[in-house]
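According to the numbering used here, the sequence shown is numbered sequentially starting from -8.
All remarks here apply to the structure that follows.
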Amino acid sequence: MAHLTLRQRVARRSRRLLAPVLRPFPGRRLRPALRPENVGRLAAACKGGVRGPAFSLLLQRIDQSRVLPSHRVKVFVAGQAAFEAMIADIDGATGEVLLESYILRDDATGRRFQEALARAARRGVRVKVAADSIGSVSTREGFWQELRTQGVDARLLRRLFAHPFSPAFRNHRKILVVDRRVGFTGGMNIGEEYGSFRGAEGDTWRDTHVRIEGPAAWEMALVFNEGWTAAGGDPLDIPPLELDDRCDDARIVVLDSQPRRGMPEKAAVFAALLAAAQSSVLVSNAYFAPRRLAIDLLIAAAARGVEVRLLLPGKTDVPLVRHAGHGHFQRLLAAGVHIHEYQAAILHAKTLVVDGYAAVVGSTNLDFRSFHFNAECNLVILDDPTGTQLEAVFRDDLTRAKEITPAVWARRSLVHRVGDRLARLLSPVL
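Put into structure tokens, the structure is as follows:
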């Protein structure tokens, strides 16, 4: 290296080869200080909060994953726009398309994806499609067979009744990876209700999805490969990733989990974000039936003077879960947490924005199922423009929501109170 200039030597040292291995490792035990109930002490001590370098290092310690640099991020809050972008990227694929969805419907939206995937396969692109067998139970078998006859390798994940406990476990991920350089994830499944091309007001669910360009797409391919091989597919050939640590733009941690891998780490990352918050914690979530620790962390943030707001469904497709969340409202309201229920449509988004900078977008709900039984995928995005945009989206959503005040909540009926209490007791099995 003696003949290299100083700039060349620095550039060489800044490059890293990342092995194609999913982290955290299966069966890993978090150190006590990093566990969800304890990690808040470390997060609160991070100078600069979520913006400081110490917080990025803490994320890496918790999840064993790199904070990957150099991403371009686009946020979608309307399903039609998200689906158009996804189909455009599928149409532009030159080597590979990987699609994993909890629900892939045989409806107008699903058939548009079917046609795009078939077009890619006819161009010689490797196309692999995986859908959860329970989430997509209403999709006819002919839909999958039509994909296969056109050169698409399509499989169902976690086959129903494959083993005695299979109905309890779901693959809840929503992932599209194109050529391992572009990735999409968020709350949107593929179906008319998540983004109808009809476009009528109130006709579609309110959801959030993101498109990213950068090295996190490579890691999302690793996440896809986990479910794919479990369903009997041949493992993907994924070479190591050359990463240039000097790059700027949005930084991302791929926060994925499935039973026996990554569940405590995911909870610990959420706990660290709440504990490091200095000005605001803004939560949108479709199915809010959390464990007591999550409630404690929200209350602790409010007690520090942080603005804590929850945007939850006013309309829902699962009323029992909504009532389970209601069972926590009295304690949250008494602690100064602001609670809003979205009225314009069914709220299906799963986002967290801290201090207008650190954002989580993905498939994880704040319920027992997402933290114990489901395979999930989220992105932790560290970026001022993205955080600012998602905060603006959240505050705009509040204009179509009703705030639940302590006075209003005290006037609910006895039947409502009893129902909330019973539903809360059922939270672990919902």
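Note that beta-carbon positions come from the ideal geometry of N, C-alpha and C, so glycine has one too.
Would the segment 253 to 266 count as touching the segment 350 to 363 if we require 3 or more Cβ pairs under 8 Å? Output reads yes: the segment 350 to 363 touches the segment 253 to 266.
Using 8 Å for Cβ pairs, my map puts V58 next to R242. What's the rounded Cβ distance? Taking C-beta atoms under 8 Å as the contact rule, V58 and R242 qualify, at a distance of about 5 Å.
Can you name, in chain order, every residue of its own chain whose Cβ lies under 7 Å from the Cβ of S404, other than the five neighbours on each side? Excluding sequence neighbours, S404 sits near nothing in its chain.
I need the straight-line Cα distance from D198 to G70, nearest angstrom please. Between D198 and G70, the alpha-carbon positions lie close to 7 Å from each other.
What is the DSSP secondary structure of G177, reduced to helix, strand or coil? Three-state DSSP puts G177 in a strand.
So, using beta-carbon positions, are F46 and A35 closer together than 8 Å? Remark: C-beta atoms of F46 and A35 do not approach each other more closely than 8 Å.
Excluding the 5 residues flanking N162 on each side, which residues of the same chain have their C-beta closer than 6 Å to its C-beta? The residues are D123, L148, R149, G218, A366.
Going straight from the alpha carbon of R402 to that of R172, what length do you get? CA-CA distance, R402 to R172, rounds to 53 Å.
With DSSP as the reference, label L89 as helix, strand or coil. Here L89 sits in strand by DSSP.
For N365, the first and last residue of its enclosing beta strand (DSSP E): N365 -> beta strand (DSSP E) spans 365 to 373.
Just to confirm my understanding: we take G378, look at its own chain, exclude 5 residues before and 5 after, and list those with CB closer than 7 Å. What are they? Taking G378 as the centre and dropping the five residues before and after it, the same chain places the C-beta of V344, G347, Y348, A349, A350 closer than 7 Å to its C-beta, in chain order.
Based on Cα-Cα distance, which residue from G86, F134, A258, I330 lies nearest to R360? Residue nearest to R360 within the set G86, F134, A258, I330 is A258 (criterion: CA-CA distance).
Of the residues K119, R114, S61, the one placed nearest D225, counting alpha carbons only: Selected option, being the one with the closest Cα: K119.
Which partner residues does L302 have in the DSSP bridge list? When DSSP reads this structure, L302 sits in a beta bridge with S275, H331.
Range of the contiguous alpha helix (DSSP H) that encloses K257: For K257, the enclosing alpha helix (DSSP H) begins and ends at 254 to 267.
Would you kindly report the start and end of the unbroken alpha helix (DSSP H) that includes V75? Checking the sequence shown, residue 75 turns out to be Glu, not Val. First-last of the alpha helix (DSSP H) with E75: 70 to 82.
Got a sec? Which residues, its chain only, sit under 6 Å from A145 by beta carbon, not counting five neighbours each side? Excluding positions up to five away in sequence, the list reads V120, W135, L138, R139.
What are the boundary residues of the beta strand (DSSP E) that includes T342? T342 -> beta strand (DSSP E) spans 342 to 345.
Enumerate in chain order the residues of its own chain whose CB-to-CB distance from H407 is below 7 Å, with the five nearest sequence positions on each side excluded. In its chain, beyond the 5 residues on either side, no residue has a beta carbon closer than 7 Å to the beta carbon of H407.
Contact defined as beta carbons within less than 8 Å: I believe G425 pairs with R42. What is the distance between those atoms, to the nearest angstrom? Because the chain here runs from -8 to 421, residue 425 falls outside it and cannot be looked at.
8 Å CB neighbourhood of H329 in its chain, flanking five on each side removed: Excluding residues within five positions, the ones whose Cβ falls inside 8 Å are E298, V299, R300, L301, E394.
Between the segment 204 to 216 and the segment 93 to 107, do at least 3 Cβ pairs fall closer than 8 Å? Three or more beta-carbon pairs separated by less than 8 Å are not found between the segment 204 to 216 and the segment 93 to 107, which leaves the two stretches without contact.
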